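Q:
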Amino acid sequence: MKSTSVPPDSPAAEATVDATLLDSEVVDENNLKRLLRRAGRTLATPALEALELLLDASTPAPARLTMLAALSYLLMPVDLIPDFLPVAGFSDDLVALTAMVGIWNNHITPEIRSRARRKLDQWFPLGR
27 MKSTSVPPDS
37 PAAEATVDAT
47 LLDSEVVDEN
57 NLKRLLRRAG
67 RTLATPALEA
77 LELLLDASTP
87 APARLTMLAA
97 LSYLLMPVDL
107 IPDFLPVAGF
117 SDDLVALTAM
127 VGIWNNHITP
137 EIRSRARRKL
147 DQWFPLGR
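Numbered according to this note's numbering, the sequence shown terminates at residue 154, and the numbering increases by one at each position without gaps.
1) Quick one: grab the DSSP three-state call for VAL113.
2) For the alpha helix (DSSP H) containing SER84, list its first residue and its last residue.
3) Rounding to the nearest angstrom, what Cα-Cα distance links ALA16 and ASP54 in this structure?
4) Looking at C-alpha atoms only, which residue of ALA114, LEU79, PHE110 is the closest neighbour of GLY128?
5) For ALA39 and LEU77, I'd like the C-alpha separation in whole angstroms.
6) Taking only three categories from DSSP, how would you classify VAL104?
7) Does the Cβ of ALA73 have 16 or more other Cβ atoms within 10 Å, making it buried, or fewer, making it exposed?
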């Protein structure tokens, strides 16, 4: 296996450690828990930020409505353009996702991110 020098505190170093952990035959349970906690936190971050944005009183009603409509459309089993069609199948999903991300970027504040981070800290403690 080829070795390269990566700064120990970089995300690349964490990814290398995670890949090594997953490739090994014997897994230390504490390392596995830490890995799963980190993955859960990474996946939960945008969801909690979106929830906090929807619940925030300063978020305009049209922005909330558009986000809820986009989320509902993405979760619906029926699409305007069926997903099994090559390329075109996901274009309607991409439009809904783009609308949601655009609103998110325009309205998210440091306070909303902070509230989401506090919930993440409760749900996924960063014990080393």
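By construction, the Cβ of each residue, glycine as well, lies at the ideal position given by its N, Cα and C atoms. Quick caveat, the model's predicted, so the values are computed rather than measured.
A: Quick answer:
1) By 1-based counting over the sequence shown, the position of residue 113 is 87. Residue state, collapsed to three classes: coil.
2) Numbered from 1 along the sequence shown, position 58 holds the residue referred to as residue 84. First-last for SER84: undefined, no H or E at that position.
3) There is no way to answer for residue 16, as the model of the chain reaches only from 27 to 154.
4) The sequence position of residue 128 within the sequence shown is 102, counting from 1. The shortest C-alpha separation from GLY128 is found at LEU79.
5) Stepping through the sequence shown from its first residue, residue 39 is reached at position 13. Stepping through the sequence shown from its first residue, residue 77 is reached at position 51. Low per-residue confidence applies at ALA39: pLDDT is 46, beneath 50, and the placement is therefore not dependable enough to give any value.
6) In the sequence shown, residue 104 corresponds to position 78, counting from 1. Coil at VAL104, not helix or strand.
7) By one-based count along the sequence shown, residue 73 stands at place 47. Exposed is the call here.
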